[in-house]
Amino acid sequence: MTITVEYSAFLKRHLGRSSETVDTGGPCTVQDLLRDLAARHGEPFQSTLLDANHQLRPMMLLAVDGEQVDWNTPVALREGNVVTILSPIAGGSMAENRE
Numbered sequence: 282m283t284i285t286v287e288y289s290a291f292l293k294r295h296l297g298r299s300s301e302t303v304d305t306g307g308p309c310t311v312q313d314l315l316r317d318l319a320a321r322h323g324e325p326f327q328s329t330l331l332d333a334n335h336q337l338r339p340m341m342l343l344a345v346d347g348e349q350v351d352w353n354t355p356v357a358l359r360e361g362n363v364v365t366i367l368s369p370i371a372g373g374s375m376a377e378n379r380e
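Numbering (this note's numbering), first residue to last: 282 to 380.
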């Protein structure tokens with residue numbers, strides 16, 4: 282199953298891209314996807330996204346196809362979904378953060 286993941290602010294700068302296409306290898310939840318991405322991308326991406334218990338940090342916002350989702354409610358992903366991870370903006374100008 283192919284999912285597009287969009288990144289903002291720190292996550293975008295850390296990865297050097299604003300989005301990526303991910304093949305999940307089969308059915309998964311948005312929570313599973315984010316845990317897999319955190320493991321794949323390593324530090325500091327992982328500790329910015331998830332806490333020590335592998336839960337989404339409270340400052341992060343998560344959306345599937347433009348609708349905000351609650352981390353504590355499993356959300357099954359479907360082929361072609363777009364997952365957006367909004368991270369805190371730190372430093373730089375507003376124009377720089379919109380790139």
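Ideal Cβ placement from N, Cα and C applies to all residues, glycine included. Everything numeric in this text was worked out from a predicted model, so none of it was measured.
Query                                                                        : Result
Alpha carbon of Y288 to alpha carbon of G297, nearest angstrom               : 10 Å
Beta bridge counterpart(s) of S299 as assigned by DSSP                       : DSSP, once it has assigned bridges, lists no residue as partnering S299.
Whether V363 touches T285 by CB criterion (8 Å)                              : yes
Presumed contact (8 Å Cβ cut-off) between P355 and T310, rounded CB distance : 5 Å
Beta strand (DSSP E) segment containing L342, residue limits                 : 342-345
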